[in-house]
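In the numbering used here, the protein residues as written are 9 to 198. Cβ atoms here follow ideal geometry from the backbone N, Cα and C, with glycine treated the same way. Because the structure is a prediction, the values reported are computed rather than measured. Take a look at the structure below.
Given below as structure tokens:
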């Protein structure tokens with residue numbers, strides 16, 4: 009009987025030694041580097057060209073004024089963004105005229121729609137429901153952009169409605185002619 013007990017005890021001890029000996033060898037590990045890129049991409053989309061013409065209408069009879077406004081809603085602003093976990097955690101989009109000029113006596117504005125809902129994440133918010141003058145000074149048009157994407161193409165992102173109007177009280181400064189202005193959009197960290 010002592011012999012059986014001793015063998016059981018010895019067998020149990022050897023089994024524990026085997027289990028203990030296997031424990032350090034039954035797991036392995038390795039490092040995995042996970043990278044999320046810094047993304048700040050901006051695009052303009054249109055069903056045709058992003059070039060368009062805004063023109064005041066000439067009167068048809070003597071004594072009548074030029075008529076305005078002239079509008080175009082053909083451009084959609086699309087973007088993709090990832091932001092930092094600390095520090096610069098949001099972005100904005102600004103617009104400005106970088107070449108050419110708006111004729112005297114007139115005003116070029118852009119109205120920005122809310123995001124159309126074709127993407128995901130923290131899409132930006134328009135700065136104003138009112139039209140924003142576009143000048144040679146950088147003007148924010150969309151703020152509070154986080155990590156997001158708007159979707160690609162027309163009917164995605166923010167629709168831009170441009171208007172050319174006569175400035176109140178400035179009719180005497182209007183001069184005829186044609187001029188091309190370059191409107192530039194900048195997606196930047198806040």
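Task: Contact under 7 Å by Cβ, residue 149 with residue 135 - done: yes
Task: Proximity of residue 88 and residue 157 at Cβ, strictly below 7 Å - done: Yes. Within cutoff.
Open item on the list: Does the segment 56-69 come into contact with the segment 157-175, if we say contact requires no fewer than three beta-carbon pairs (one atom in each stretch) closer than 8 Å?
Closed with: yes
- [ ] Kindly list the residues whose CB is nearer than 8 Å to the CB of residue 67, restricted to its own chain and excluding five residues on each side of it in sequence; keep chain order.
- [x] 73, 74 and 75
Task: Given residue 85 as reference, the closest of 50, 138 and 155 once Cα atoms are compared - done: 50
Task: Rounded C-alpha distance that separates residue 53 from residue 107 - done: 21 Å
TODO: Could you have a look at residue 87 and say whether DSSP puts it in helix, strand or coil?
DONE: strand
Task: Pick from 94, 114 and 151 that is closest to residue 143, judged by C-alpha positions - done: 114
Open item on the list: Alpha carbons only, please: which of 184, 40 and 162 is nearest the one belonging to residue 121?
Closed with: 162
Task: Nonlocal neighbours in the same chain, by C-beta distance under 7 Å from residue 184, ignoring five residues either side - done: none
TODO: Could you say which of 180, 71 and 90 lies nearest to residue 112 if we only look at CA atoms?
DONE: Comparing Cα positions, the closest option is 180.
Open item on the list: Just verifying my parser: in three-state terms, what is the DSSP assignment at residue 109?
Closed with: coil
TODO: Within 10 angstroms of the Cβ of residue 38, are there 16 or more other Cβ atoms? Answer buried if so, exposed if not.
DONE: Exposed, since its Cβ has fewer than 16 Cβ neighbours within 10 Å.
TODO: Measure the Cβ-Cβ separation of residue 168 and residue 83 and say whether it is below 7 Å.
DONE: yes
Open item on the list: In whole angstroms, give me the CA-to-CA distance for residue 105 and residue 41.
Closed with: One C-alpha to the other measures close to 43 Å.
Open item on the list: Starting from residue 167, trace the beta strand (DSSP E) in both directions and tell me its first and last residue.
Closed with: 166-174
Task: Host beta strand (DSSP E) of residue 192 (start-end) - done: 190-197 is the extent of the beta strand (DSSP E) around residue 192.
Task: Length-filtered (4 minimum) alpha helix (DSSP H) runs lying within the segment 116-152 - done: none
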